[in-house]
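Residue numbers (my numbering): 5 to 70.
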Amino acid sequence: MVISPAAAPPGSTGASRNARAGDRAAILSGPHTFRQFVWLWNVVQRLHTPELHTQIARWLEDSWER
């Protein structure tokens, strides 16, 4: 199961707060893009991911791939 930042409503971590331990393990497993990693890290820390952080992560991803 791969969760993308686009799958979560902006500013929302409510569904993740109620996730069971098995669900979290499934979400955190697997290869993720850097942008997904940033979003997931914030979800695990129960933090909001500002749009600016998502844009920076996208830019870093694109720069790394060049």
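Ideal placement from N, C-alpha and C gives every residue a C-beta, glycine not left out.
The closest CA to that of L56, considering only D27, G34, V42 and R50, is found on V42. CA-to-CA, the gap between R70 and Q40 works out to about 19 Å. The DSSP assignment places 38 to 48 as complete runs of the alpha helix (DSSP H) inside the region 29 to 68, in order along the chain (cut-off: 4 residues). Rounded to whole angstroms, the separation of the alpha carbons of S67 and V47 is 25 Å.
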